[in-house]
Amino acid sequence: MLERTPAVGRILIDKTRIADRVRNLGGEISRDYEGKQPLVVGVLRGAVVFHADLIRHLELNLKIDFMSVASYGSATDSSGEVRLVKDLESSILGLDVILVEDIVDTGLTLDYLLRNLKNRRPASLRVCSLLSKPDRRRVEVSVDYQGFEVPDQFVVGYGLDFNQQFRNLPHVALLNRDF
Ligand code: 5GP
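The letter at position 110 of the sequence shown is residue 515 when you use our numbering, and the numbering goes up by one with no holes.
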């Protein structure tokens, strides 16, 4: 089984805790956006699992879209140089946009995305991130809805990968670098 490969270490957040938190976030966002029709934008590929679960807890008349960014660097450390790989399908002018991220680490990716999206003049723009590593922040970015804080260690699962593997783990686990 995937969980048993030596590359995957201790479980940090199990699937029950994730499910509870995603449900609560869904409730909070549903209340905040009552009467609105937000566009819920997932950032590929890490946020797909979270995005798919979250939208099913949003009792709103919403639409979805996706963006993809790449940052140069090693498998576990980004260089901070971000580039847009896949853009949204349509304009966000005047829309209430919720950007759904997997993890905010240095904050450089989110900073890039927020600047890029703000230029397109949405009515509002908020961020919902499953995870945050506050100790690693290099730029200040505001996260409006946050699932969990994690320590300064590389995590995989629930959408997050290492060399494109482990995205399908149902929990968030530490990557074991010593295997
Ligand atoms: P940032 O630009 O905030 O440094 O990094 C954001 C991106 O780096 C995330 O969207 C994610 O793709 C990747 N990343 C940062 N930390 C981790 C981690 O612990 N595990 C995985 N799998 N990806 C991470």
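Built from N, CA and C at the ideal position, the CB exists for glycine as well.
Q | For Ile-503, the nearest candidate out of Val-561, Asn-568, Gly-431, Glu-486 (CA to CA) | A | Considering only alpha carbons, the answer is Gly-431.
Q. Rounded C-beta distance between Leu-489 and Arg-525? I'm assuming under 8 Å.
A. Between the beta-carbon of Leu-489 and that of Arg-525 there is about 12 Å, and that puts the pair past the 8 Å contact cut.
Q: Assuming Val-454 contacts Tyr-563 (C-beta within less than 8 Å), just tell me the rounded distance between them.
A: About 5 Å; that satisfies the 8 Å criterion.
(Q) Is the beta carbon of Leu-467 closer than 9 Å to that of Ile-508? (A) For Ile-508 and Leu-467, no; Cβs fall outside 9 Å.
Q: Using a threshold of 9 Å, state whether the C-beta atoms of Leu-579 and Val-413 are closer than that.
A: In contact: Leu-579 and Val-413 (Cβ atoms closer than 9 Å).
Q.
Applying the 10 Å Cβ sphere with the 16-neighbour rule, what's the burial state of Val-561?
A. Residue environment: Val-561 is assigned as buried (16 or more neighbouring CB atoms within 10 Å of its CB, all protein chains considered).
Q. To the nearest whole angstrom, what separates the beta carbons of Leu-500 and Pro-527, a pair I think is in contact under 8 Å?
A. Indeed, because the Cβ distance is near 5 Å, the residues count as touching under 8 Å.
Q) Which partner residues of Phe-592 appear in the DSSP bridge assignment? A) Residue 592 lies beyond the residue range present for the chain, which begins at 406 and ends at 584; the question has no answer from this structure.
Q) Quick one: Cα of Asp-425 to Cα of Gly-512, how far? A) Straight across, the Cα-Cα distance linking Asp-425 with Gly-512 is about 25 Å.
Q. Quick one: what's got a C-beta closer than 8 Å to Val-544's C-beta in the same chain, skipping five residues either side?
A. In its chain, beyond the 5 residues on either side, Thr-511, Gly-512, Leu-513, Asp-516 have a beta carbon closer than 8 Å to the beta carbon of Val-544.
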